[in-house]
Structures are given as structure tokens and as C-alpha cells.
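Residue numbers for the sequence shown follow the UniProt record's numbering, so the first one is 6 and each next one is one higher.
For every residue, glycine included, the Cβ atom is placed at its ideal position computed from N, Cα and C.
Reviewing the structure listed below.
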Amino acid sequence: QQPLLTTRSTREWQAADAAHFLHPFTDFQSLARKGSRIITRADNIYLWDSDGRKILDAMSGLWCVNVGYGQQALIDAATRQLRELPFYNSFFQTATPPAIELAELLAEITPPQFQHVFFTGSGSEASDTVVRMVRRYWDILGQPQRHTIISRKNAYHGSTMAGASLGGMGAMHAQGGLPIPGIVHIEQPHAYQLAREMAPDAFGRLAASWLEDKIIELGPDRVAAFIGEPVQGAGGVIIPPDTYWPEVQRICDRHGILLVSDEVVCGFGRTGHWFGCERFGTRPDLMSFAKGVTSGYVPLGGVMVGERVARVLIEQGGDFEHGYTYSGHPVACAVALANIRLMQQLKLVERVRDDTGPHLASLYASLAEHPLVGRAETCGLMAALQLVRDKASGTPFPPERQVGLLCRSHCFANGLVMRAVGDRMIVAPPLVMTRAQVDEMGALIRLCLDKTW
Ligand code: PLP
Numbered sequence: 006q007q008p009l010l011t012t013r014s015t016r017e018w019q020a021a022d023a024a025h026f027l028h029p030f031t032d033f034q035s036l037a038r039k040g041s042r043i044i045t046r047a048d049n050i051y052l053w054d055s056d057g058r059k060i061l062d063a064m065s066g067l068w069c070v071n072v073g074y075g076q077q078a079l080i081d082a083a084t085r086q087l088r089e090l091p092f093y094n095s096f097f098q099t100a101t102p103p104a105i106e107l108a109e110l111l112a113e114i115t116p117p118q119f120q121h122v123f124f125t126g127s128g129s130e131a132s133d134t135v136v137r138m139v140r141r142y143w144d145i146l147g148q149p150q151r152h153t154i155i156s157r158k159n160a161y162h163g164s165t166m167a168g169a170s171l172g173g174m175g176a177m178h179a180q181g182g183l184p185i186p187g188i189v190h191i192e193q194p195h196a197y198q199l200a201r202e203m204a205p206d207a208f209g210r211l212a213a214s215w216l217e218d219k220i221i222e223l224g225p226d227r228v229a230a231f232i233g234e235p236v237q238g239a240g241g242v243i244i245p246p247d248t249y250w251p252e253v254q255r256i257c258d259r260h261g262i263l264l265v266s267d268e269v270v271c272g273f274g275r276t277g278h279w280f281g282c283e284r285f286g287t288r289p290d291l292m293s294f295a296k297g298v299t300s301g302y303v304p305l306g307g308v309m310v311g312e313r314v315a316r317v318l319i320e321q322g323g324d325f326e327h328g329y330t331y332s333g334h335p336v337a338c339a340v341a342l343a344n345i346r347l348m349q350q351l352k353l354v355e356r357v358r359d360d361t362g363p364h365l366a367s368l369y370a371s372l373a374e375h376p377l378v379g380r381a382e383t384c385g386l387m388a389a390l391q392l393v394r395d396k397a398s399g400t401p402f403p404p405e406r407q408v409g410l411l412c413r414s415h416c417f418a419n420g421l422v423m424r425a426v427g428d429r430m431i432v433a434p435p436l437v438m439t440r441a442q443v444d445e446m447g448a449l450i451r452l453c454l455d456k457t458w
């Protein structure tokens with residue numbers, strides 16, 4: 006049998022890559038100059054590049070690979086399903102057993118209000134589904150003026166037109182005339198200086214009050230929903246104080262506004278709970294997910310639809326004019342089933358909550374002593390280090406110093422994938438990580454901080 010791929014040197018891969026492959030979120034010209042890092046294989050929490058270098062993947066690919074690489078149960082599930090039925094759609098009154106069983110299992114593991122799921126191919130498509138579904142819900146109820154969705158600055162909800170509009174990334178809005186109409190943004194619950202000056206509980210309530218201010222400014226009967234990531238991931242692992250989300254829930258309840266939890270990053274165990282809303286004490290009406298549902302082995306996303314919305318859509322809605330070719334893809338659903346069952350078998354969520362999460366927290370408490378670190382925060386197995394020029398006053402580095410990028414380059418050179426969001430260094434390692442591997446990651450992080458200092 007002919008091998009699928011050719012054998013090439015790193016330089017040859019880089020040349021072909023630069024000649025033909027436009028990467029996401031990339032300055033194409035500068036990447037062509039530098040050359041991509043070519044990742045060729047992976048196992049457990051480690052990657053290997055085309056020069057044979059071993060790298061500890063502290064970002065789980067892209068917040069995806071919760072069960073780690075090389076899990077035979079997922080490989081077998083995909084192989085069996087590819088043989089049995091590689092594709093069929095769920096349009097036109099058809100369904101496949103893996104999609105039905107996954108819907109059933111998701112209803113079991115998500116909070117009790119969720120008994121229905123709408124499948125998508127990705128987190129961005131889930132965000133689009135949220136916008137369509139929220140607006141459809143209010144239309145059916147005869148309140149089409151309830152159209153506006155409130156989100157937050159620095160949020161990330163994907164890269165489609167609706168996903169990027171829900172997101173609060175200025176650089177994304179600047180390209181393509183975003184946001185689309187009817188989406189507005191409030192401040193995120195992260196004000197590094199302000200939060201230093203206030204008690205966390207008071208700051209959490211203050212940040213939640215910005216939502217109510219915006220609702221009153223817009224007129225409560227014009228607001229359809231509020232969407233947020235329990236912990237803002239791509240925005241830099243922004244962990245809100247414990248008072249924030251319960252207060253947001255009260256405000257949504259007070260004004261009858263739907264609450265949407267984007268669990269694309271926080272879902273499937275990342276925070277030490279199956280879903281971030283359980284960690285932070287909200288009862289969302291919709292919950293989007295992707296990434297961890299299959300541990301990224303194959304693409305799959307979706308929206309869990311709570312009973313409040315599901316009842317209206319099902320009983321009064323007629324046709325819902327929305328869906329994707331790959332909604333409920335059988336191979337993706339089979340892999341998701343295997344992934345969730347493996348997580349249950351390994352008790353991964355409990356491990357993060359009771360063992361590796363607290364261990365990471367104590368490791369970060371010691372990293373907080375480093376002269377470069379202004380603040381060290383963790384939530385389950387996600388964490389951030391805020392790098393500062395002056396530790397005592399918390400004064401940040403001037404942006405042109407690009408200290409985060411400098412630190413990241415030391416990580417690359419020392420076999421660690423850690424992400425830089427401005428001057429916040431973030432990690433979200435695979436949930437299968439052991440305590441010893443948390444220590445191994447900690448030693449690499451410390452080394453890279455020392456080299457950056
Ligand atoms: N929502 C959140 C919170 C995300 O972090 C992401 C991706 O990182 C998305 C949505 C979009 O998911 P995808 O890249 O699968 O479209």
C-alpha cells in the first residue's frame with residue numbers, strides 16, 4: 006500500500022506550507038519568512054516536531070485534547086464508525102445511531118434543564134446557532150423587538166460573522182465590518198488595576214452591574230440574551246470573582262433575558278466540573294460546546310437547549326430554518342461517545358477537581374512569587390500568569406516590549422507550548438495530566454520565566 010504522505014525534511018515541509026497554506030489568524034508573510042513548526046505526532050501530553058523534538062503541550066492543542074493524545078478507545082470508535090457508516094445527514098427526517106446516543110448521553114451529563122441538543126461542526130457554528138435560536142425564540146413568542154444580544158469585550162465566540170460579532174475582539178471587528186447589527190458589548194470582569202484595589206467579591210458585583218446598566222440603557226424589552234464564557238479563554242483566562250456569575254444570573258432573571266453559557270473551552274471538565282456553569286453557579290438557557298466533546302480528535306460542536314427554549318421551539322415553532330451538513334456527523338458523534346465514556350471511566354473531572362487542579366493551584370501560588378509575575382490564577386486545569394514590569398505596584402510592561410511573545414519564544418525553545426495573550430501567559434493542559442506532569446510543566450514554566458526576566 007502506498008503511504009499517504011511523502012517523507013520530507015523540515016525545510017521542505019516549510020517551503021510547501023508557505024507556498025500554499027494560508028493559516029488562521031496569521032500574518033502570512035511573516036510566517037513564510039520564519040517557517041512553520043511542523044508537528045508530526047503526539048502521545049499523552051507530548052508532541053513531536055519534524056526535527057524529532059519533544060514538546061509538552063500545555064494548551065491541549067487548542068483547548069481541545071482533554072483525554073490526551075493516542076487514546077485507543079477514540080481511535081477504535083472512529084475506525085468502527087467509518088467502516089459501518091462514514092456519513093449520513095440528519096436532515097429530511099433521518100438520524101443515525103451515534104447521533105441519537107450522543108444526544109441521550111449529553112442530556113444525562115449536562116445540567117437537568119438540558120434535554121435537547123442541536124449539533125454543529127464547530128464552536129463558531131454553535132455561536133451562529135445561538136444567534137439564530139435566541140432570535141427565533143423571541144419571534145415565536147411575538148416579541149421580535151427583543152433582538153439585541155449582549156456580550157463582553159475581549160470575549161471569543163468564534164470566527165464566523167456571527168461568532169466574531171458575538172466575540173469582543175477589536176482586531177476581528179476591524180476586519181469585515183463587524184459586529185453585525187443587534188450585538189453589543191460590555192466590559193469584561195477583568196480590570197487588572199481596579200481588581201487590585203477592590204475586594205474580589207465587590208469587584209464581581211460591580212462587573213455584573215455593568216450588564217444591568219446596559220440592559221436599562223437599551224430597554225429591557227429589547228434585549229434577547231446575554232452570552233459569556235464562564236472563564237474567558239482566548240481572552241487570556243480571565244477568571245471572574247465568585248460573586249460575578251450568580252449576580253449575572255439574577256440580573257437576567259429579573260429582566261427575563263436568556264442566559265447563554267459558551268462552554269467551548271470550559272465544558273467537559275476543564276474547570277473541575279463537567280461544565281463551567283456548574284462551577285460558577287448559573288442555570289443557562291443555552292449552552293454551546295465543541296472542542297472537549299471529542300477531545301478534538303474530530304470536529305464536532307453543538308448547542309444544548311434548555312427546556313424554556315426547547316418547549317417553545319418544539320411546540321410552537323414549526324420549521325427551524327437552520328442546520329449544517331455535518332450536524333450530527335456519525336463519526337464525530339461516535340468519537341464523542343467514546344471520549345465522554347473514557348472521561349467517566351478515568352474519573353477525569355473528579356481528578357481535576359480534587360487532585361490535579363488543587364495541585365496546579367499550589368504550583369501557581371509559588372510561581373506568583375516570581376519577580377516577573379504580577380498575578381497567578383488558576384481554575385481547574387486552566388491558568389494564567391500576568392507578567393509585570395514592577396511587581397510591587399503591578400505596573401505593566403509597555404506593549405511595545407512584547408514580553409509575552411518573548412516568554413513564548415523561550416517556551417518554544419525549551420519544549421513547552423504555552424500561549425501568550427498580551428502579557429498573560431496561559432495554559433490549559435490535557436486533563437489526563439498527572440501530578441508529576443503538573444510539576445514537570447511547572448519546572449519548564451519557571452525556567453522560561455527566568456530566561457524572560
Ligand atoms: N467559543 C469559544 C469560547 C472558543 O474558545 C472558541 C474557539 O476557540 C469558539 C467558540 C469557536 O470554536 P471553533 O474554533 O471550533 O469554531
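- Distances between the C-beta of histidine 364 and the heavy atoms of the ligand PLP are all 7 Å or more.
- Less than 8 Å separates the beta-carbon of aspartate 62 from that of isoleucine 50.
- When the alpha-carbon of glycine 126 is set against those of Gly301, Val242 and Gln19, the nearest one is in Gly301.
- At the C-beta level, leucine 392 and aspartate 428 come within 8 Å of one another.
- Excluding five sequence positions before and after proline 91, the CB atoms of its chain that fall closer than 8 Å to its own CB belong to Pro335 and Val336, given in chain order.
- In the DSSP assignment, isoleucine 154 falls within the beta strand (DSSP E) that extends over 153–157.
- Exposure of isoleucine 319 is indicated by the presence of fewer than 16 other C-beta atoms within 10 angstroms of its C-beta.
- No residue range can be given for glycine 301, since it is assigned to no beta strand (DSSP E) and is classified by DSSP as neither H nor E.
- When rounded, the separation of the alpha-carbon atoms in glutamine 98 and histidine 415 is 54 Å.
- For glutamine 237, the beta-bridge partners assigned by DSSP are Ile243.
- Bounds of the alpha helix (DSSP H) holding serine 65 are 65–68.
- In the DSSP annotation of this structure, glycine 362 is not part of any beta strand (DSSP E); the continuous alpha helix (DSSP H) holding it starts and ends at 362–372.
- With a 10 Å radius around the Cβ and a threshold of 16 neighbouring Cβ atoms, glutamate 222 comes out exposed.
- Contact annotation: the segment 215–231 touches the segment 259–275, with at least three C-beta pairs closer than 8 Å.
- In this structure, arginine 275 and leucine 410 do not form a Cβ contact; the two beta carbons are roughly 25 Å apart against a cut-off of 8 Å.
- In this structure, the ligand PLP has a non-hydrogen atom nearer than 7 Å to the beta-carbon of leucine 67.
- By the beta-carbon neighbour count (other beta carbons within 10 angstroms, threshold 16), glutamate 130 is buried.
- Closest option to valine 378, judged by alpha-carbon separation, among Gly362, Leu365, Phe402 and Glu355: Phe402.
- The C-alpha of tyrosine 329 lies about 14 Å from the C-alpha of alanine 104.
- For glycine 379, the enclosing beta strand (DSSP E) starts and ends at 378–384.
- The ligand PLP has no heavy atom closer than 7 Å to the beta-carbon of histidine 195.
- Look at glycine 163: its beta carbon is less than 7 Å from one of the heavy atoms in the ligand PLP.
- Distances from the alpha-carbon of phenylalanine 231 to those of Gly240, Leu264 and Ile243 put Leu264 closest.
- DSSP, read as helix, strand or coil, puts threonine 276 in coil.
- Cβ neighbours of aspartate 290 within its own chain (closer than 6 Å, five residues either side excluded): Leu263, Leu264, Gly311, Arg313 and Val314.
- In its chain, beyond the 5 residues on either side, Ala160, Tyr161 and His162 have a beta carbon closer than 6 Å to the beta carbon of glycine 172.
- Non-local C-beta neighbours of glycine 447 in its own chain, meaning closer than 6 Å and more than five positions away in sequence, comprise Leu368, ordered along the chain.
- For threonine 134, the three-state secondary structure derived from DSSP is helix.
- Isoleucine 185 is classed as exposed because its beta carbon has fewer than 16 other beta carbons within 10 Å across all chains shown.
- Listed in chain order, the non-local C-beta contacts of glycine 399 below 6 Å within the same chain comprise Arg201, Gly379 and Val393, local neighbours out to five positions each way being set aside.
- The beta carbon of phenylalanine 280 sits closer than 6 Å to those of Glu268 and Gly272, all from its chain and outside the five residues before and after it, given in chain order.
- According to DSSP, histidine 190 shares a beta bridge with Ser156.
- Annotation for histidine 121: the continuous beta strand (DSSP E) segment containing it runs 119–125.
- Between tryptophan 143 and arginine 151, the gap from beta carbon to beta carbon is short of 8 Å.
- Taking C-beta atoms under 8 Å as the contact rule, glycine 277 and phenylalanine 294 fail to qualify, at a distance of about 17 Å.
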